[in-house]
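Same order as they appear, the protein sequences are chains A and B.
Numbering-wise, the first sequence is residues 12 to 159 according to the numbering used here.
Numbering-wise, the second sequence is residues 21 to 98 according to the numbering used here.
Glycine included, C-beta positions come from ideal geometry on N, C-alpha and C.
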Amino acid sequence: MYKGVKMMMSFQEKSTWVSLGITLLIFGAYFTFAFGVFSDAETPAGVLIPVFIATVVATTIIQAFLHTILGIAFNKEAEKGADERDHLIELRATRISYFILVFGVFATGVSMLLTASPIMMANIILFFFILAEVVGFSIQLFYYRRGI
Amino acid sequence: MGKSNNKGSTIHNNIRRLRFDHGEMTQQALADMVGVTRQTIHHMEAGKYSPSLELAFRIAHIFNVPLDEVFQYEPDDS
Numbered sequence: 012m013y014k015g016v017k018m019m020m021s022f023q024e025k026s027t028w029v030s031l032g033i034t035l036l037i038f039g040a041y042f043t044f045a046f047g048v049f050s051d052a053e054t055p056a057g058v059l060i061p062v063f064i065a066t067v068v069a070t071t072i073i074q075a076f077l078h079t080i081l082g083i084a085f086n087k088e089a090e091k092g093a094d095e096r097d098h099l100i101e102l103r104a105t106r107i108s109y110f111i112l113v114f115g116v117f118a119t120g121v122s123m124l125l126t127a128s129p130i131m132m133a134n135i136i137l138f139f140f141i142l143a144e145v146v147g148f149s150i151q152l153f154y155y156r157r158g159i
Numbered sequence: 021m022g023k024s025n026n027k028g029s030t031i032h033n034n035i036r037r038l039r040f041d042h043g044e045m046t047q048q049a050l051a052d053m054v055g056v057t058r059q060t061i062h063h064m065e066a067g068k069y070s071p072s073l074e075l076a077f078r079i080a081h082i083f084n085v086p087l088d089e090v091f092q093y094e095p096d097d098s
C-alpha cells in the first residue's frame, strides 16, 4: 500500500495568493476612497490622480518586495519556474478575465455617452481591469485546489 | 490507480505503482526528472490533471515502459 503524500502549495500558487492579497488590499482601499470622492459633490475628482499614482507605485514596490521574499524563502521551487499545468491554469483564468475586461471597455464607452468626466471613465476602466485581475487570480487558485 | 475524467472519457494512470516499483521513487524525484513540479505529479496521480502528450512520453521513458503501461484511455460509452 502507498501512503498518501501531504499536498503542499507550489511556488506558483503561493505567488498567486500573494498577488491576490496585495491587489485586494491596496486597490480595495483605493476604490473605497475613490467611491467617497465621487459620492461627495464638493470634493474635486482631481484629488484621485496623486492617490492613483501612489497606489500604483505602492503596488509595484510591495509586489516586487513580497515576491522577492517568496523567491528567497522557496528558492529551489522558484528556480524551476512554471510548468505546463501552471501555464494551462493561467490560460484558463485569462480566458475568463478577458471577458470581464471587454465588458469594462463597453461600460466605459457607455459612461462616455452618459457624459462622465475623464477621471470617472479612467476609474471605471481601472475598476474592471482590477476586477479582471482579481477574478483571474481567484480562478487560478480554484484550479490549483480542485485540479484541472 | 489515478483516474481523470474529461468530457466523454476517462484516463487512468499507474504512476504511483510505477514509482513504487522503481525503488519507491519520490514524487519530487520523478518531477525533477520530467521537468515539472511535485504538485503536478501529485495531481496526476490523484487523477486531477491529464498531462500533455510530451510529458506522458517523458514519464513512460523514465520508467522504461510503453506509454499504455503508464496511461490507459477508457471512453465512457464502452
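Starting from the Cα of residue i, find the closest Cα among the options and give me that residue.
i, options, result
"A:V146", "A:V116, A:T34 and A:A118", "A:T34"
"A:R157", "A:I100, A:Y109 and A:V121", "A:I100"
"A:A40", "A:F114, A:V62, A:R106 and A:T71", "A:V62"
"B:G55", "B:N33, B:R78 and B:E94", "B:R78"
"B:A76", "B:T57, B:K68 and B:D88", "B:D88"
"B:Y69", "A:D51, A:G32, A:P55 and A:D94", "A:D94"
"A:H98", "A:L124, A:V58 and A:Y155", "A:Y155"
"A:S128", "A:P55, A:F22, A:T66 and A:T27", "A:P55"
"B:L73", "A:R96, A:F140, A:F117 and A:F139", "A:R96"
"B:D41", "B:T60, B:D96, B:N84 and B:Q59", "B:N84"
"A:R103", "A:L142, A:I64, A:D51 and A:F153", "A:F153"
Once you ignore the five residues that flank residue i on each side, which residues in its own chain have a CB closer than 8 Å to its CB?
i, result
"A:V29", "Q74, L77, H78 and L81"
"A:A168", "Any answer about residue 168 of chain A is impossible in this case: the structure gives chain A only from 12 up to 159."
"A:I107", "V146, G147 and I150"
"A:T105", "G147"
"A:K25", "L81 and F85"
"A:G120", "none"
"B:E94", "S29, T30, I31 and H32"
"A:V58", "V48"
If you run the structure through DSSP and keep just helix, strand and coil, what is residue i?
i, result
"A:E144", "helix"
"B:T57", "coil"
"A:T71", "helix"
"B:I31", "strand"
"B:Y69", "coil"
"B:M45", "coil"
"A:G15", "Legend: pLDDT at A:G15 = 41, less than 50; position of this residue unreliable, no value from coordinates given."
"A:T66", "helix"
"A:T54", "coil"
"A:G82", "helix"
"A:A127", "coil"
"B:P86", "coil"
"A:A159", "Per the sequence shown, the amino acid found at residue 159 of chain A is Ile instead of Ala. Residue state, collapsed to three classes: coil."
Give every residue of the same chain whose Cβ lies closer than 6 Å to the Cβ of residue i, excluding the five residues on either side of it in the sequence, and list them in chain order.
i, result
"A:E144", "T34"
"B:A80", "L87 and V90"
"B:L38", "F83"
Go to residue i, then tell me how far its beta strand (DSSP E) extends in each direction, as first and last residue.
i, result
"B:E94", "F91 to P95"
Under DSSP, the alpha helix (DSSP H) around residue i begins and ends at which residues?
i, result
"A:S108", "E95 to L124"
"A:N86", "N86 to K91"
"A:G47", "F22 to S50"
"B:A76", "L73 to F83"
Buried or exposed for residue i, going by 16 or more other Cβ atoms inside 10 Å?
i, result
"A:N86", "exposed"
"B:A51", "buried"
"A:E88", "buried"
"A:N134", "buried"
"B:M64", "buried"
"B:H62", "buried"
"A:F46", "exposed"
"B:T46", "exposed"
"A:L137", "buried"
"B:P71", "buried"
"A:I141", "buried"
"A:A65", "exposed"
"A:G32", "exposed"
Is there at least one non-hydrogen atom of the ligand NAP closer than 7 Å to the beta-carbon of residue i?
i, result
"B:D41", "Absence of the ligand NAP is noted for the structure shown, with no ligands found whatsoever."
Among the residues of its own chain, which have a CB less than 7 Å from the CB of residue i, if the five just before and after it don't count?
i, result
"A:E53", "none"
"B:M53", "I82"
"A:F22", "F85, E88 and A89"
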